[in-house]
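**Student:** Quick one: structure below, then a few questions.
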Amino acid sequence: MIEVIVGVSALAVGGAAGFAVCKATVGKTLKEKEEEARKIIQEKERITEEAKRKAQQIIKEAEKEAKIIAKEIENEALQLKKEQEIIIEKEVLKRKKQLEEELKREREELQNLEKTLMSREAQLEKRIARIEHREEELDKKWEEIKKLEEEIKQIQKEIEEKEEKLKAAEEQYMLEIQRIASMTKEEAREELMKKVEEEAKLEAAKLMKEIEESARKEAEKEAKWNLVTAIQRLAPEITTSYTISVVDLPSNDLKGRIIGREGRNIRAFEMETGVDLIIDDTPDIVTISSFDPLRREIAKESLERLIADGRIHPGRIEEVVSKVKEEMESKVRKLGEETCLELGFTDVHPELYYYIGKLYYRTSYTQNVLLHTKEVAYLAGMMAAELGLDEKAARRGGLMHDIGKSISHEVGGSHSKVGAELAKRYGEPDVVINAILYHHNDEPARYPEAVLVAAADALSAARPGARREALQSYINRLEKIEAIVNSFENVEKSFAIQAGREVRIIVNAEKLSDEEAYMLTKEIAKRIEKEVEFPGQIKVTTIRESRFVEVAK
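Using our numbering, you'd call the opening residue of the sequence shown number -11 and step up by one each time.
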């Protein structure tokens, strides 16, 4: 079209002269050109339409290609993300493994530190015990010094009195000399006879005193001979009870299982039995510490069964301890029955068997009470036989004289009065009840056998190696602490452990809240401060535990 226009313009410029000549030709040419131009325009439009179609097709293909490329990019991104996640997961696992190894090392270090602390604590306890012993020795020496000072003061007082008497005697002597100087011969003779008579009376009094002393010595000799005869016929074993028991381990690796994860097994065992379990560096043994022999025996039997079974966890510990306690009650009753049969008594009330057997797990100044009771029974019976009294009644009184000690710490009061009430309840003879009360002077002796029981009791307690006073005072203090704690309401159990430096209290979680348990702990601590004398500090720990049990069927 542009070329046609340019050609027309050129023809127009060529001049008007050729216009006319070429008009026809031009017209024809113009028509041809217009036809050609129209064709060109149509071709152009066709080309344009075709270009549009191709452009739209290219756009559609481009969009399809773009979608394919986008999808491929998205797939590559997802693949890349998965690879990154795998790499991150590997890094996390690697880091977790490193942290677990570090935690394991820290736990081992903590266990080593705990062992070191327990060892140091044991050493500290020994040092404290030595210090307490030295304090007791110093107190005794101080008392001896006071007594010596009092004796010295008394001696000084006696010396002063004698000096005054001597001075008075000198003055009297001077007066007597002056009086004799003024006497006649007869008066002097009478005075001399009077003095000789006084001296003879004094000599006679001295002789009578010597005769009485000789008779007394002969009587004492005869009494001692009877006692020696009875003692020689009895060869009692010397029994001293300690505050610890030792359990042997098949392997030192079992210590870790007994302690449990984070100490849960040892805490459960101590809470159930009321003892202190000492696990130190000593190989292949575990030490059980408690002032109560019955608790120690239950704990020892339970631990031995757990070790033999191999399953050690809080649930199993509770089950085994409960079963051992039931069996121990039967064992105590059987022990009492065997003791009565050994002493020849078949008419004892069956209910008394339990109380007699329980004496085996009680101590008096570290002397086993059941063995002490049997010893007293044999001694009293032998002395009664030597003197021609009722041997069976004396032996029965000796067996029952300390029966109150099996429950006196539970009900309170003097063990002799508690024992007399127990004997009355189960139909014991009057001579036995009188022996129980008389051996602590709670009533006068109405039977000679009661006196023999008291004498046999003193002999059994006084023989060498029978008793240790210091340990019993320590045990009495622990029992007093537990009695104070148990007197509070909502206290289910209490255990004095760590040589009396800690009291663990188990309370009823349903009746007490955390705040009330806190207030109870403060009240107990104040009362212990007020009523108990003790060195150092006592830690009061209250445990409020809730248990929820459901059975899966």
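The beta carbon of each residue, even a glycine, is placed where N, CA and C say it ideally should be.
Keep in mind that this is a model prediction, so the values were computed, not measured.
#1: Flag this pair as yes or no: are the beta carbons of Asp430 and Ser404 separated by less than 8 Å?
#2: Nearest CA to the CA of Ile300: which residue from Arg252, His337, Asp280?
#3: Among Glu437, Ser448, Ser318, Ser402, whose alpha-carbon lies nearest the alpha-carbon of Leu551?
#4: Can you check which of these residues, Ile247, Glu470, Leu508, is closest to Gln99 by C-alpha distance?
#5: Which word fits Phe536, buried or exposed, when buried means at least 16 other C-beta atoms lie within 10 angstroms of its C-beta?
#6: Pick from Ala411, Lys52, Leu105, Lys103: whose alpha carbon is nearest that of Ile395?
#7: With a Cβ-Cβ cutoff of 8 Å, do Val274 and Val235 count as a contact?
#8: Less than 8 Å separating the beta-carbons of Met388 and Glu409?
#9: In terms of residue numbering, what span does the beta strand (DSSP E) encompassing Phe483 cover?
#10: Mind checking Arg543: buried by the 16 CB within 10 Å criterion, or exposed?
#11: Looking only at C-alpha atoms, which of Val473, Leu331, Leu87 sits nearest to Leu359?
#12: May I ask you to report which of helix, strand or coil DSSP gives Arg543?
#13: Have a look at Leu265 and Glu306 and give me their C-alpha separation to the nearest angstrom.
#14: Along the chain, where does the beta strand (DSSP E) containing Glu490 start, and where does it finish?
#15: When burial is assigned at 16 or more other CB atoms within 10 Å of the CB, is Val80 buried or exposed?
#16: Run the proximity test for Lys16: is its beta-carbon closer than 7 Å to any non-hydrogen atom belonging to the ligand ATP?
#17: Would the stretch 467 to 477 and the stretch 500 to 518 be scored as touching if the rule is three or more Cβ pairs under 8 Å?
#18: Buried or exposed, going by whether 16 or more other CB atoms sit within 10 Å of the CB of Gly385?
#19: Mapping DSSP to helix, strand and coil, what is Leu265?
#20: How would you write the range of the beta strand (DSSP E) that Arg249 sits in, first residue to last?
#21: So the alpha helix (DSSP H) Thr530 belongs to, where does it begin and stop?
#22: Based on DSSP bridge pairs, tell me the residues matched to Ile232.
#23: Apart from the five residues on each side of it in sequence, which residues of its chain come closer than 7 Å, Cβ to Cβ, to Gln45?
#24: In angstroms with no decimal places, state the Cα-to-Cα distance between His428 and Asn356.
#25: If distances are taken between C-alpha atoms only, which option among Leu87, Asp280, Val312, Thr270 comes closest to Glu289?
#26: State the DSSP-derived secondary structure class of Asn100, mapped to helix, strand or coil.
#27: Looking only at its chain, what residues have a beta carbon closer than 6 Å to the beta carbon of Asn478, apart from the 5 residues adjacent to it on each side?
#28: Helix, strand or coil for Met(-11) per DSSP?
#29: Determine the burial state of Ser277: buried for a count of at least 16 other Cβ atoms within 10 Å of its Cβ, exposed for fewer.
#30: Entirely within the stretch 396 to 444 and at least 4 residues each: give me those alpha helix (DSSP H) ranges in chain order.
#31: Under three-state DSSP, which class holds His383?
#32: Is the separation between the beta-carbon of Val441 and that of Ala373 shorter than 8 Å?
#33: Helix, strand or coil for His389? Go by DSSP, reduced to three states.
#34: Just the Cα atoms here: how many angstroms apart are Glu379 and Val419?
#35: Between the Cα of Glu480 and the Cα atoms of Thr530, Ile140, Ala287, which residue gives the shortest distance?
**Tutor:** In brief:
#1: The residue you call residue 430 lines up with position 442 of the sequence shown. The residue you call residue 404 lines up with position 416 of the sequence shown. Taking 8 Å as the Cβ cut-off, Asp430 and Ser404 qualify as a contacting pair.
#2: Residue numbering aside, residue 300 sits at position 312 when the sequence shown is read from its first letter. Taking only the C-alpha atoms, the option nearest Ile300 is Arg252.
#3: With the chain covering only -11 through 541, there is no way to say anything about residue 551.
#4: As a working note, residue 99 is residue 111 in the sequence shown. The option with the nearest alpha carbon to Gln99 is Ile247.
#5: Counted from its first residue, the sequence shown places residue 536 at position 548. With fewer than 16 Cβ atoms within 10 Å of its Cβ, Phe536 is classed as exposed.
#6: Position 407 of the sequence shown, counted from the first residue, corresponds to residue 395. Minimum Cα distance to Ile395 is reached at Ala411.
#7: Here the question's residue 274 lines up with position 286 in the sequence shown. Here the question's residue 235 lines up with position 247 in the sequence shown. Yes, they are a contact pair.
#8: By 1-based counting over the sequence shown, the position of residue 388 is 400. By 1-based counting over the sequence shown, the position of residue 409 is 421. Going by C-beta atoms, Met388 is not nearer than 8 Å to Glu409.
#9: As a position in the sequence shown, residue 483 is number 495, starting the count at 1. 479 to 485 is the extent of the beta strand (DSSP E) around Phe483.
#10: Limits of the chain in this structure are -11 at one end and 541 at the other, which puts residue 543 out of reach.
#11: For the purposes of this step, residue 359 is taken as the residue at position 371 of the sequence shown. Residue nearest to Leu359 within the set Val473, Leu331, Leu87 is Leu331 (criterion: CA-CA distance).
#12: The structure shown has nothing for residue 543, since the chain only spans -11 to 541.
#13: In the sequence shown, the residue the question calls residue 265 occupies position 277. In the sequence shown, the residue the question calls residue 306 occupies position 318. Taking the straight line joining both Cα atoms gives about 16 Å.
#14: Counting from one through the sequence shown, the residue named residue 490 turns up at place 502. It spans 490 to 495 - the beta strand (DSSP E) in which Glu490 sits, taken as one unbroken run.
#15: Start at 1 with the first residue of the sequence shown, and residue 80 comes out as number 92. Around the beta carbon of Val80, fewer than 16 other beta carbons lie within 10 angstroms, which makes this residue exposed.
#16: The ligand ATP is not part of this structure, which contains no ligands at all.
#17: yes
#18: As a first step, residue 385 is located in the sequence shown; it is residue number 397 there, counting from the start. With 16 or more Cβ atoms within 10 Å of its Cβ, Gly385 is classed as buried.
#19: Mapped onto the sequence shown, residue 265 falls at position 277. The answer is strand: DSSP assigns Leu265 an E or B state.
#20: Stepping through the sequence shown from its first residue, residue 249 is reached at position 261. That residue, Arg249, is in no beta strand (DSSP E); it is neither H nor E in DSSP.
#21: As a working mapping, residue 530 is identified with position 542 in the sequence shown. Thr530 -> not in any alpha helix (DSSP H); beta strand (DSSP E) instead, spanning 527 to 532.
#22: As a working mapping, residue 232 is identified with position 244 in the sequence shown. DSSP output for Ile232 lists Ser277 as bridge partner(s).
#23: Here the question's residue 45 lines up with position 57 in the sequence shown. Cβ neighbours of Gln45 beyond the five flanking positions: none.
#24: Along the sequence shown, one-based indexing puts residue 428 at 440. Along the sequence shown, one-based indexing puts residue 356 at 368. Taking the straight line joining both Cα atoms gives about 19 Å.
#25: Residue numbering aside, residue 289 sits at position 301 when the sequence shown is read from its first letter. It is Val312 whose Cα lies nearest to the Cα of Glu289.
#26: Counted from its first residue, the sequence shown places residue 100 at position 112. If DSSP states are grouped into helix, strand and coil, Asn100 belongs with the helices.
#27: Here residue 478 is taken as the residue at index 490 of the sequence shown, counted from 1. Hits under 6 Å: Val495, Asn496, Lys499, Leu500.
#28: Walking along the sequence shown from the start, residue -11 turns up at place 1. The predicted model places Met(-11) with a pLDDT of 48, which falls under 50 and marks its position as unreliable; any figure quoted below should be read in that light. In this structure, Met(-11) counts as coil in the three-state DSSP scheme.
#29: On the sequence shown, position 289 is the one that residue 277 refers to. Looking at its Cβ environment, which holds 16 or more other Cβ atoms inside 10 Å, Ser277 is buried.
#30: 396 to 399, 403 to 413, 418 to 426
#31: In the sequence shown, residue 383 corresponds to position 395, counting from 1. A small fix is needed here, since residue 383 is Arg in this sequence, not His. Three-state DSSP puts Arg383 in a helix.
#32: Reading the sequence shown from its first residue, position 453 is the one you call residue 441. Reading the sequence shown from its first residue, position 385 is the one you call residue 373. Taking 8 Å as the Cβ cut-off, Val441 and Ala373 do not qualify as a contacting pair.
#33: Numbered from 1 along the sequence shown, position 401 holds the residue referred to as residue 389. The answer is coil: DSSP assigns His389 none of H, G, I, E or B.
#34: To locate residue 379, count along the sequence shown from 1; it is residue 391. To locate residue 419, count along the sequence shown from 1; it is residue 431. Roughly 12 Å between the two C-alpha positions.
#35: Taking the first residue of the sequence shown as 1, we reach residue 480 at position 492. For the residues Thr530, Ile140, Ala287, the minimum Cα distance to Glu480 belongs to Thr530.
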